[in-house]
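**Q**
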Amino acid sequence: MTGLARRVRALPIRARLSLLVAAAVAFAVAAVSVTCWFIVQGRLYDQVDSDLRKATMLNDPQQRDQAREALNNCSQTPREGVNGLRTTYSQVVTATGTVCLFTTSVGEIKVTEADHEVIDDGSPREGSFRNGTAEDGTELRVLTLPVTITNPVTQDRASAALIAAVPLKGTQSTLNDLALILLLVSGVGVLGAGAAGLWVARTGLRPVDDLTRAVEHVARTEDLTIRIPVEDDSDDEIARLSRSFNSMTSSLASSRDLQQQLIADAGHELRTPLTSLRTNIELLTRSEETGRPIPEADRKALLASVKAQMTELAALIGDLQELSRPDTGQHEGRTRILAWQDVVESALRRARLRGPELTINADVHPWYVRAEPAALERAVVNILDNAVKFSPHGGTIDVRLADGVLTVRDHGPGISADELPHVFDRFWRSPSARALPGSGLGLSIVARTVQQAGGAVSLTPAEDGGGGTVASVRLPGAPVPPPETGGADGGRG
Numbered sequence: 001m002t003g004l005a006r007r008v009r010a011l012p013i014r015a016r017l018s019l020l021v022a023a024a025v026a027f028a029v030a031a032v033s034v035t036c037w038f039i040v041q042g043r044l045y046d047q048v049d050s051d052l053r054k055a056t057m058l059n060d061p062q063q064r065d066q067a068r069e070a071l072n073n074c075s076q077t078p079r080e081g082v083n084g085l086r087t088t089y090s091q092v093v094t095a096t097g098t099v100c101l102f103t104t105s106v107g108e109i110k111v112t113e114a115d116h117e118v119i120d121d122g123s124p125r126e127g128s129f130r131n132g133t134a135e136d137g138t139e140l141r142v143l144t145l146p147v148t149i150t151n152p153v154t155q156d157r158a159s160a161a162l163i164a165a166v167p168l169k170g171t172q173s174t175l176n177d178l179a180l181i182l183l184l185v186s187g188v189g190v191l192g193a194g195a196a197g198l199w200v201a202r203t204g205l206r207p208v209d210d211l212t213r214a215v216e217h218v219a220r221t222e223d224l225t226i227r228i229p230v231e232d233d234s235d236d237e238i239a240r241l242s243r244s245f246n247s248m249t250s251s252l253a254s255s256r257d258l259q260q261q262l263i264a265d266a267g268h269e270l271r272t273p274l275t276s277l278r279t280n281i282e283l284l285t286r287s288e289e290t291g292r293p294i295p296e297a298d299r300k301a302l303l304a305s306v307k308a309q310m311t312e313l314a315a316l317i318g319d320l321q322e323l324s325r326p327d328t329g330q331h332e333g334r335t336r337i338l339a340w341q342d343v344v345e346s347a348l349r350r351a352r353l354r355g356p357e358l359t360i361n362a363d364v365h366p367w368y369v370r371a372e373p374a375a376l377e378r379a380v381v382n383i384l385d386n387a388v389k390f391s392p393h394g395g396t397i398d399v400r401l402a403d404g405v406l407t408v409r410d411h412g413p414g415i416s417a418d419e420l421p422h423v424f425d426r427f428w429r430s431p432s433a434r435a436l437p438g439s440g441l442g443l444s445i446v447a448r449t450v451q452q453a454g455g456a457v458s459l460t461p462a463e464d465g466g467g468g469t470v471a472s473v474r475l476p477g478a479p480v481p482p483p484e485t486g487g488a489d490g491g492r493g
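Residue numbers in the sequence shown follow full-length UniProt numbering, run continuously in steps of one, and reach 493 at the last position.
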C-alpha cells in the first residue's frame with residue numbers, strides 16, 4: 001500500500017487529479033449501482049412472494065381449513081380446484097419427514113431445517129419465505145406454511161408443513177440483466193469521469209503550465225521581463241499565484257537594475273579618487289626617478305591630496321559596506337534602548353571639530369529610542385556633516401531634539417524643489433555639490449537607518465525666509481527610559 005501511494009505521488013499532478021476524479025466517480029457509481037440492484041432485488045422478491053402467497057389461496061380461514069381437510073390424507077390425490085394451488089412446485093411435509101407431492105407439482109422441493117422448525121413451532125402462522133432448490137437443482141422461491149393434519153381413523157391431529165415454490169429463473173435473469181446494465185453504465189461513467197477529470201485538469205492547470213514555462217525560461221535565460229497574462233476580474237488561487245510571480249519577477253528585475261546601477265555608480269565614484277591618487281603618485285615617482293625634486297610646497301600639497309583621496313576612498317568603502325547590509329532582519333539582534341540625546345551630543349562634538357568657524361546652537365532634550373547604536377550615530381553624523389558642508393563660512397547651524405524629533409537647520413544655499421525627490425537616492429548629488437567631497441551615500445544611509453528604527457526622515461527648504469535647509473528625523477520612543485534599561489548608561493552600552 002505504501003509503495004502504491006508512493007507511485008501515485010510520483011505521478012504528475014494532472015494524472016493524480018484525473019485518477020482522483022475517476023476514483024470518486026467510480027465509488028459513487030458503484031455505491032448507487034449496488035444500492036439500486038439490492039432495491040430492485042427486494043422489489044422483485046416482494047412481488048414473487050406476493051404472487052406465491054396468493055397462489056396458495058390460504059389467506060383467509062375458510063380457504064385454509066379447506067386446504068387442511070384436503071391434505072389430511074396425502075395418499076389420496078387432492079383435487080386442484082379444492083386446494084387452490086397454482087404453483088409449479090407444491091408438497092406437504094409431515095413431522096416425521098414424509099414428503100407428499102401434489103399432482104400438479106413438477107418436482108420435489110428440498111426440505112431444510114427451516115421447514116422442520118415451522119412444523120415444530122407451528123409458527124409463524126403467515127408462513128416463512130426462503131430461497132431453495134428443487135431435487136433437480138432448479139433455484140426456487142419457497143413459501144412454507146404450518147398446517148395441521150387429522151387422521152381420519154384415529155382422529156389424531158399432527159403438525160405438518162405446506163411447502164409451495166416457484167422458479168426464480170425469470171427473476172434471476174432480470175437481476176442478471178440489471179447487473180450487466182449497471183456494470184456497463186458504471187464503466188462508461190468511470191471512463192467519462194476520467195476523461196472529464198483529465199480535461200478539467202488540463203484546463204485548470206494550464207496557468208500552472210504557463211507559470212512552469214515562465215520559470216524555466218527565467219532559469220534558462222535570466223530574462224526577468226517575462227510576465228504571465230492574468231485576467232483583471234479573476235481572483236482565484238491560480239490568478240493570485242500568477243500575480244505573485246509577476247510581482248516577484250518585477251521586484252527581481254528592479255533589484256537587479258538597482259544592483260547594476262549601484263555597481264556602475266560605485267565604479268564611477270571610485271574612479272575619481274583613484275585617478276587623482278594615481279596622478280599624484282606618478283608625479284612623486286617621476287620626481288624620484290628623474291632626480292628632479294618637487295618644490296617642498298608642491299610636495300606637501302601632493303601628499304595632502306593623496307591623504308584626502310585615501311580618506312575619501314575609505315569613507316566611500318565604508319558607505320558601500322553599510323549599504324550592502326540587509327535592509328531587515330539581521331539588524332534586529334543589534335538594537336537596544338539608546339539615549340538619543342547622548343548620540344546627538346557626540347555627533348555635535350565631531351561636527352564642531354569639522355567646522356570650527358561655524359556657530360552650532362543646540363537645544364537637546366532627553367529621548368530614548370530603540371535602534372542600532374553605531375548606525376544611529378552614523379546617521380546623525382551624516383546629517384550634521386551635510387549641514388557643515390553646505391553652511392557658509394561663519395554661518396550658523398541650529399540643532400534641536402524635542403519630543404522625538406531631531407531638526408538640523410543650516411543657512412546654506414538650500415535645495416531646489418526639483419532636487420528634493422532625489423536627495424535620498426544612492427550616489428545622487430546636486431550639481432552644486434559635485435565639487436565638494438562626499439560619495440552621495442550619506443543621506444541614503446540616513447534614510448535606511450531611520451526606516452529600520454521605525455521612524456521617518458525628510459529634507460525641506462527653510463520657511464523662515466533665511467534660506468537653507470531643514471532636516472527632520474522622527475523616531476518613536478519616550479522621554480524616560482523603560483524600566484528594563486535601568487537608565488544607568490543611557491542605553492548606549
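Beta carbons: idealized from backbone N, C-alpha and C, even for Gly.
Computed from a predicted model, the values in this text were never measured in an experiment.
Helix, strand or coil: how does DSSP classify glycine 192 here?
**A** DSSP places glycine 192 in helix when its eight states are reduced to three.
**Q** Can you tell me whether valine 480 is buried or exposed, with buried defined as 16 or more other CB within 10 angstroms of its CB?
**A** The residue is exposed, with fewer than 16 neighbouring Cβ atoms inside 10 Å.
**Q** Within this structure, are the beta carbons of glutamate 231 and alanine 219 separated by less than 8 Å?
**A** Not in contact: glutamate 231 and alanine 219 (Cβ atoms no closer than 8 Å).
**Q** With DSSP run on the structure shown, which of helix, strand or coil describes alanine 462?
**A** Here alanine 462 sits in coil by DSSP.
**Q** Of the choices Arg243, Thr225, Leu224, Ile226, whose alpha-carbon is the least far from that of aspartate 233?
**A** Selected option, being the one with the closest Cα: Arg243.
**Q** Can you tell me which of the three DSSP states threonine 171 falls into?
**A** Note: threonine 171 maps to helix in three-state DSSP.
**Q** Using alpha carbons as the reference points, say which of Val32, Asp398, Gly468, Leu19 lies closest to serine 416.
**A** The residue with the shortest Cα to Cα distance from serine 416 is Gly468.
**Q** Output needed for glutamine 172: all residues of its chain with C-beta closer than 7 Å, excluding positions within five of it in sequence on either side, in chain order.
**A** Taken in chain order, the residues that qualify are Glu139.
**Q** So, with DSSP's three-state summary, where would you put arginine 130?
**A** Strand at arginine 130.
**Q** Just to confirm, are valine 405 and leucine 384 a CB contact at a threshold of 8 Å?
**A** Taking 8 Å as the Cβ cut-off, valine 405 and leucine 384 do not qualify as a contacting pair.
**Q** Let me confirm a value: serine 90 is counted as buried when at least 16 other C-beta atoms fall within 10 Å, else exposed. Which label applies?
**A** That one is buried.
**Q** So, using beta-carbon positions, are valine 306 and glycine 477 closer together than 8 Å?
**A** The answer is no: Cβ separation not under 8 Å.
**Q** Once the 5 residues before and after leucine 143 are set aside, which same chain residues still bring their CB inside 6 Å of it?
**A** Cβ within range, chain order: Leu52, Gly127, Phe129, Ala164.
**Q** With 16 as the cutoff for other CB atoms within 10 Å, does threonine 221 come out buried or exposed?
**A** Threonine 221 is exposed by the Cβ-count criterion.
**Q** Could you tell me which residues DSSP puts in a beta bridge with threonine 359?
**A** Partner(s): Thr396.
**Q** Count the other CB atoms within 10 Å of the CB of proline 78; is the residue buried (16 or more) or exposed (fewer)?
**A** Note that proline 78 has pLDDT 40, beneath the 50 cutoff, so the model's placement of it is unreliable and the number below is only indicative. Buried is the call here.
**Q** With a threshold of 6 Å on Cβ separation, who are the neighbours of valine 21 within its own chain once the five nearest residues in sequence on each side are excluded?
**A** Excluding sequence neighbours, valine 21 sits near Ala193, Gly197.
**Q** Name, in chain order, the residues that DSSP records as bridge partners for valine 470.
**A** In the DSSP output, where bridge partners are listed per residue, valine 470 has Arg409, Thr460.
**Q** Are isoleucine 226 and leucine 211 closer than 8 Å when you measure CB to CB?
**A** No, they are not a contact pair.
**Q** Spatial neighbours of leucine 17 within its chain, please: CB distance less than 7 Å, with the 5 preceding and 5 following residues excluded, ordered by chain position.
**A** Gly197, Ala201.
**Q** Apart from the five residues just before and just after tryptophan 367, which ones in its own chain have a Cβ nearer than 7 Å to its Cβ?
**A** Closer than 7 Å at the Cβ level, and outside the excluded window around tryptophan 367, lie Trp340, Gln341, Leu401, Gly404, Gly477, Pro479.
**Q** Indicate whether isoleucine 119 and valine 93 have their beta-carbon atoms separated by less than 8 Å.
**A** The answer is yes: Cβ separation under 8 Å.
**Q** Give me the Cβ distance between proline 482 and isoleucine 360, rounded to the nearest whole Å; I'm assuming they're in contact under 8 Å.
**A** The Cβ separation is near 31 Å, so there is no contact.
**Q** By a C-beta neighbour count over all protein chains shown, 10 Å radius and 16 as the cutoff for buried, is phenylalanine 390 buried or exposed?
**A** Result: buried.
**Q** Run the CB neighbour count on aspartate 464, radius 10 Å, all protein chains shown included, and call it buried at 16 or more, exposed below.
**A** Exposed.
**Q** Rounded to a whole number of angstroms, what is the C-alpha to C-alpha distance between isoleucine 109 and threonine 88?
**A** C-alpha separation (whole angstroms): 11 Å.
**Q** Taking Cβ positions, are arginine 141 and valine 48 nearer each other than 8 Å?
**A** Yes, the pair counts as a contact, with Cβ atoms nearer than the cut-off.
**Q** State the CB to CB distance for the pair asparagine 386 and glycine 318, rounded to an integer number of angstroms; the pair is presumed to be in contact (CB under 8 Å).
**A** At roughly 16 Å, the Cβ-Cβ gap does not stay under 8 Å, so asparagine 386 and glycine 318 are not in contact.
**Q** Short check: CB of alanine 462 to CB of glycine 414, under 8 Å?
**A** Closer than 8 Å, so yes.
**Q** Grab me the residues of glutamate 357's own chain with a C-beta within less than 8 Å of its C-beta, minus the 5 sequence neighbours each way, in chain order.
**A** His393, Gly394.
**Q** Let's see if you can read the secondary structure: which residues bound the beta strand (DSSP E) around leucine 101?
**A** Here the beta strand (DSSP E) through leucine 101 covers 99 to 101.
**Q** So who's on the other strand from leucine 143, going by DSSP bridges?
**A** Beta-bridge pairing links leucine 143 to Phe129, Ala164.
**Q** Express the C-alpha separation of leucine 19 and proline 12 in angstroms, rounding to a whole number.
**A** So the two alpha carbons sit approximately 11 Å from each other.
**Q** Could you give the first and the last residue of the continuous beta strand (DSSP E) run that contains serine 90?
**A** Here the beta strand (DSSP E) through serine 90 covers 89 to 94.
**Q** Mind checking whether leucine 44 and threonine 174 have CB atoms under 8 Å apart?
**A** Yes. Within cutoff.
**Q** Assuming serine 33 contacts alanine 95 (C-beta within less than 8 Å), just tell me the rounded distance between them.
**A** In fact, because the Cβ distance is near 45 Å, the residues do not count as touching under 8 Å.
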